[in-house]
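With the working numbering as the guide, the letters of the sequence shown map in order to residues 1 to 133. Beta carbons: idealized from backbone N, C-alpha and C, even for Gly. It should be emphasised that the depicted structure is a prediction, and the values quoted were computed from it without experimental measurement. Below: the structure, in structure tokens.
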Amino acid sequence: MSEDIENKNKVLRGFNWAFVLLMFSGIVLTVIMAKSTNVYLLISLVFLLAILASYIFTAIAINPELSILLGYPINIGNKTINVLIGANSLFVLMGLGIIISCITTQQYPASISGFLYLILSGFNIKALLKCKA
């Protein structure tokens with residue numbers, strides 16, 4: 001039973017890391033394509049980096065046995081898990097907002113990103129609640 005949960009967590013960790021790499025490449029492209037550096041670009045970069053950090057720490061917290069980043073051990077306690085559950089809950093709401101916004105403006109292909117946030121964060125919350133218990 002526990003091996004099945006660990007395998008599911010490995011897949012979920014892989015999806016988290018793939019999502020982080022996808023978002024990081026998007027951030028790099030945004031910075032490269034920016035015509036000027038202004039306050040709005042910096043604010044959006046801070047927001048996107050916070051999202052990246054949340055998904056990175058979620059990927060680490062899902063399997064506490066592998067909580068090592070760049071060779072340094074990371075201790076993840078219940079307070080950190082509670083913060084990650086809250087952040088992922090906000091991402092679920094953001095995903096719902098993206099989906100509703102895209103459907104009401106008839107931009108159906110753009111709603112894929114909302115589904116990505118919704119599904120990945122939902123599974124993250126479920127896995128984090130299992131780790132917390």
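Cβ distance (whole Å) where residue i is taken to contact residue j below 8 Å
{"i": "Leu84", "j": "Ala110", "result": "Contact doesn't hold; Cβ gap of about 27 Å is too wide."}
{"i": "Tyr55", "j": "Phe19", "result": "6 Å"}
{"i": "Asn9", "j": "Asn63", "result": "5 Å"}
{"i": "Leu45", "j": "Met23", "result": "In fact, because the Cβ distance is near 11 Å, the residues do not count as touching under 8 Å."}
{"i": "Gly114", "j": "Ile99", "result": "4 Å"}
{"i": "Phe15", "j": "Leu120", "result": "6 Å"}
{"i": "Asn78", "j": "Lys132", "result": "6 Å"}
{"i": "Arg13", "j": "Ala50", "result": "That belief does not hold up - the Cβ atoms of Arg13 and Ala50 are roughly 20 Å apart, past 8 Å."}
Classification of residue i by the beta-carbon crowding that lies within 10 angstroms, buried from 16 upward
{"i": "Lys86", "result": "Correcting the residue identity first, residue 86 is Gly in this sequence and not Lys. Gly86 is exposed by the Cβ-count criterion."}
{"i": "Gly138", "result": "Residue coverage of the chain in this structure runs from 1 to 133, which leaves residue 138 outside it and unanswerable."}
{"i": "Ile81", "result": "buried"}
{"i": "Leu42", "result": "exposed"}
{"i": "Tyr40", "result": "exposed"}
{"i": "Phe57", "result": "buried"}
{"i": "Tyr108", "result": "exposed"}
Helix, strand or coil at residue i according to DSSP, with G and I counted as helix
{"i": "Met1", "result": "Only weak support exists for where Met1 lies, its pLDDT of 42 falling under 50; the value from the coordinates is given anyway. In the structure shown, Met1 sits in coil (DSSP, three-state: anything other than H, G, I, E or B)."}
{"i": "Asn78", "result": "helix"}
{"i": "Ser36", "result": "coil"}
{"i": "Thr30", "result": "helix"}
{"i": "Thr105", "result": "coil"}
{"i": "Asn124", "result": "helix"}
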